[in-house]
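Student:
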Ligand SMILES: Nc1nc2c(ncn2[C@@H]2O[C@H](COP(=O)(O)OP(=O)(O)OP(=O)(O)O)[C@@H](O)[C@H]2O)c(=O)[nH]1
Ligand SMILES: [Mg+2]
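Residue numbers (my numbering): 13 to 431.
#1: With respect to the beta strand (DSSP E) encompassing residue 268, which residues constitute its N-terminal and C-terminal limits?
#2: Might you give, ordered along the chain, the residues of its own chain that have their beta carbon closer than 6 Å to the beta carbon of residue 286, omitting 5 neighbours on each side?
#3: Exposed or buried, what is residue 204 when buried is set at 16 or more other beta-carbons lying within 10 Å of its beta-carbon?
#4: Would you check whether ligand 2 has a heavy atom nearer than 8 Å to the C-beta of residue 280?
#5: Of all the options 32, 79, 97, which has the alpha carbon lying nearest to the alpha carbon of residue 70?
#6: Taking residue 53 as the reference, give the member of 126, 118, 34, 77 with the closest Cα.
#7: Could you name the residues of the same chain whose beta carbon sits closer than 6 Å to that of residue 229, not counting the 5 residues immediately before and after it, in chain order?
#8: Return the Cβ separation of residue 147 and residue 141 in integer angstroms, given the expectation that the two are a contact with Cβ distance under 8 Å.
#9: Using the beta-carbon count (16 or more within 10 Å), is residue 404 buried or exposed?
#10: I need the DSSP call for residue 42, collapsed to helix, strand or coil.
#11: Looking only at its chain, what residues have a beta carbon closer than 6 Å to the beta carbon of residue 81, apart from the 5 residues adjacent to it on each side?
#12: Name the DSSP bridge partner or partners of residue 32?
#13: Tell me the DSSP secondary structure of residue 288 in three-state form.
#14: Please give the ranges of any alpha helix (DSSP H) in the stretch 269–348, keeping only runs that are unbroken, at least 4 residues long and fully inside the region.
#15: Would you mind sorting residue 132 into buried or exposed? The rule is 16 or more other CB atoms within 10 Å of its CB.
#16: Does the beta-carbon of residue 44 have 16 or more other beta-carbons within 10 angstroms, so that it is buried, or is it exposed?
#17: Taking all protein chains shown into account, decide if residue 372 is buried (16 or more other Cβ within 10 angstroms of its Cβ) or exposed.
#18: Check whether the stretch 361–375 touches the stretch 344–353, counting contact only when three or more Cβ pairs, one atom from each stretch, lie closer than 8 Å.
#19: Under a three-way DSSP split, which group does residue 217 fall into?
#20: Run the CB neighbour count on residue 111, radius 10 Å, all protein chains shown included, and call it buried at 16 or more, exposed below.
#21: Can you grab the Cα-Cα spacing for the pair residue 293 / residue 104, in whole Å?
Written as structure tokens, this is what we have:
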């Protein structure tokens, strides 16, 4: 799987390419490319240039138009002449086999798209057997349809026979096709082995989960890099790896947390991101089972991120895809310490934009929008964490009493408080 591992070489340079379309205006594209740059940085690459193009939609053959592709090639050549080698070109959307093949032919450098970049980071981050197996399976799923690029050009020239190995034209049934068939078989075999392994891990995990006793399960969910692991560490006094890069957490960690007399399980899971292919979400099924089986979801949001509203939507959409939209949940707005706004001059009468909203106003708006089912904290500054514990206690207790009405260790405290 070497071809996915771009992270080993130190500080490779990357060029980013994105489209400006009717549903993705210039500002949006900039945000997407910022995120792509952050992804590239996480993978160990330094971004040196961005290209964008205004089009109606991605070009089916080359993603960007021919002229733009030539412009990118000219840039790469000029850089190479100046002895600044370009390591890779990264496209913001998933490329088809055909696009990949054509772009590679034109640019002659390593081509990645958002998906293969995310997969690369996943491969780098995977620690446990479970995470490694899931990532490898996802990588093969990505590769399989793209294997065709090794041979379809032969097929077109010779009017060949497709993958069945039937009648292809003379001289064109050679190694290309056989090699491809072999590659496909090897990959398919490997994939079924990986699936088998995941099924075994799945069974083990299900047994582990059923042995956990009668405790309410709370899952921290949210966009990547919002502070889920930092909150987990605060609430459970554990040491989960947290860092300012994307996808620091790949596998689920579960900890027992006790607030007053009430024990419950808290889990920290992989973060979500835009344009994450469903295939990838599928591959992370067993990691995400923790979310699926949780009794309460804490949706963590980075309020200091300029695009946090879209991130909320992405997370809600992913949760719905996982069949979790009806679950009890609460939004935890994190990083209030880092929220910045520009105060408007009193005589400035132009209508204010997003950047002029004060934290207090934003809090008011969201309290109303969530029906007060949200809380504002800073995991870094430990602001409002006691309040979060209190709210969590009340919510978990309510769920606990509903789910395990005969668990009497709770009732002392419960009765005390009622009295
Ligand atoms: N300013 C500020 N930074 C925070 C806060 N909470 C977390 N961070 C930082 O945000 C970054 C990401 O935190 P993590 O806890 O790793 O985030 P995560 O949601 O677990 O991220 P992934 O596992 O990568 O999806 C780290 O650099 C944290 O130090 C906060 O309240 N304020
Ligand atoms: Mg994390």
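Each residue gets a CB set at the ideal place from its N, CA and C atoms; glycine is no exception.
Tutor: Concretely, from the data shown:
#1: Along the chain shown, read from residue 1 onward, the residue named residue 268 stands at position 256. 265–271 is the extent of the beta strand (DSSP E) around residue 268.
#2: The residue given as residue 286 occupies position 274 in the chain shown. 326.
#3: Reading the chain shown from its first residue, position 192 is the one you call residue 204. By the 16-neighbour rule on beta-carbons within 10 angstroms, residue 204 is exposed.
#4: One-based indexing of the chain shown puts residue 280 at position 268. Yes, ligand 2 has a heavy atom inside 8 Å of this Cβ.
#5: In the chain shown, residue 70 corresponds to position 58, counting from 1. The shortest Cα separation from residue 70 among 32, 79, 97 belongs to 32.
#6: Mapped onto the chain shown, residue 53 falls at position 41. Looking only at 126, 118, 34, 77, the smallest Cα-Cα distance to residue 53 is reached by 126.
#7: Working through the chain shown from its first residue, we reach residue 229 at position 217. Result list for residue 229: 277, 306, 307, in chain order.
#8: Position 135 of the chain shown, counted from the first residue, corresponds to residue 147. Position 129 of the chain shown, counted from the first residue, corresponds to residue 141. With a Cβ gap of about 11 Å, residue 147 and residue 141 do not count as contacting.
#9: Position 392 of the chain shown holds residue 404. Flag for residue 404 reads buried.
#10: Position 30 of the chain shown holds residue 42. Three-state DSSP puts residue 42 in a helix.
#11: Translated into positions along the chain shown, residue 81 becomes position 69. Around residue 81: 74, 118.
#12: In the chain shown, the residue the question calls residue 32 occupies position 20. Beta-bridge partners assigned by DSSP to residue 32: 66.
#13: Walking along the chain shown from the start, residue 288 turns up at place 276. DSSP places residue 288 in coil when its eight states are reduced to three.
#14: 290–295, 297–304, 320–333
#15: By one-based count along the chain shown, residue 132 stands at place 120. Buried, since its Cβ has 16 or more Cβ neighbours within 10 Å.
#16: Residue 44 sits at position 32 when you count from the first residue of the chain shown. It counts as buried.
#17: As a position in the chain shown, residue 372 is number 360, starting the count at 1. It counts as exposed.
#18: yes
#19: Taking the chain shown and counting its residues from 1, the one referred to as residue 217 is at position 205. Three-state DSSP puts residue 217 in a helix.
#20: Within the chain shown, the letter at position 99 stands for residue 111. When all chains shown are included, residue 111 counts as buried.
#21: Within the chain shown, residue 293 is the residue found at index 281, counting from 1. Within the chain shown, residue 104 is the residue found at index 92, counting from 1. Those two C-alpha atoms are separated by around 18 Å.
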